[in-house]
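The block underneath contains the structure these notes are about, expressed in structure tokens.
In the working numbering, the protein residues as written are 466 to 627.
Next up, the structure:
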């Protein structure tokens, strides 16, 4: 009768299982490392985004006289008004535009971000109207407070502010 020695096979299986358990442990540590890195990057992103949101400048808006028939003014309408192509509201009220000086940061931000034209393009349109003998539709103001007080007191007025 032959006796079969199972000891080498069982040692091989035991070594294989121990090696597999070590690899599994190393893989779980690696996965844990990457999860911690991902959470750290997410935390940095959220903190950075929060601090960026706190430092953004206020949004620019178009302000019209309270009794103006327009509740919402589209970008194309604003471009027509500030480009001197539209000079009356739908209710036939004349439009008078208030703007800050050309070198004011608010004027540049409004022109580029809201109207999507450069400030010098607006200046060309305004100068063209003045040089052609028509009455200028825009009036320059020195401060936001002055602009708000003039809008509140005169019908048909339109301006921009923060």
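In this text, a Cβ means the ideal position worked out from N, Cα and C, and glycines have one as well. These numbers come from a predicted model, not from an experiment.
According to DSSP, is residue 521 part of a helix, a strand, or is it coil?
Only weak support is given to the placement of residue 521: the predicted model assigns it a pLDDT of 49, under 50, and the question is left unresolved by the model.
Tell me the residue span of the beta strand (DSSP E) that contains residue 549.
Unbroken run through residue 549: none, as it is neither H nor E.
Classify residue 501 as helix, strand or coil using the three-state DSSP reduction.
helix
Of the residues 566, 590, 501, which one's Cα is nearest the Cα of residue 546?
590
Could you have a look at residue 605 and say whether DSSP puts it in helix, strand or coil?
strand
Name the DSSP bridge partner or partners of residue 565?
DSSP links residue 565 through a beta bridge to 606.
Reference residue 606; option with closest CA among 616, 598, 597
When each option's Cα is compared against that of residue 606, the closest is 616.
When you compare each of 608, 618, 538, 556 to residue 569 by their alpha carbons, which one comes out closest?
The residue with the shortest Cα to Cα distance from residue 569 is 608.
Other residues of its chain near residue 584: CB distance less than 8 angstroms, five sequence neighbours each side excluded:
567, 572, 573, 576, 577
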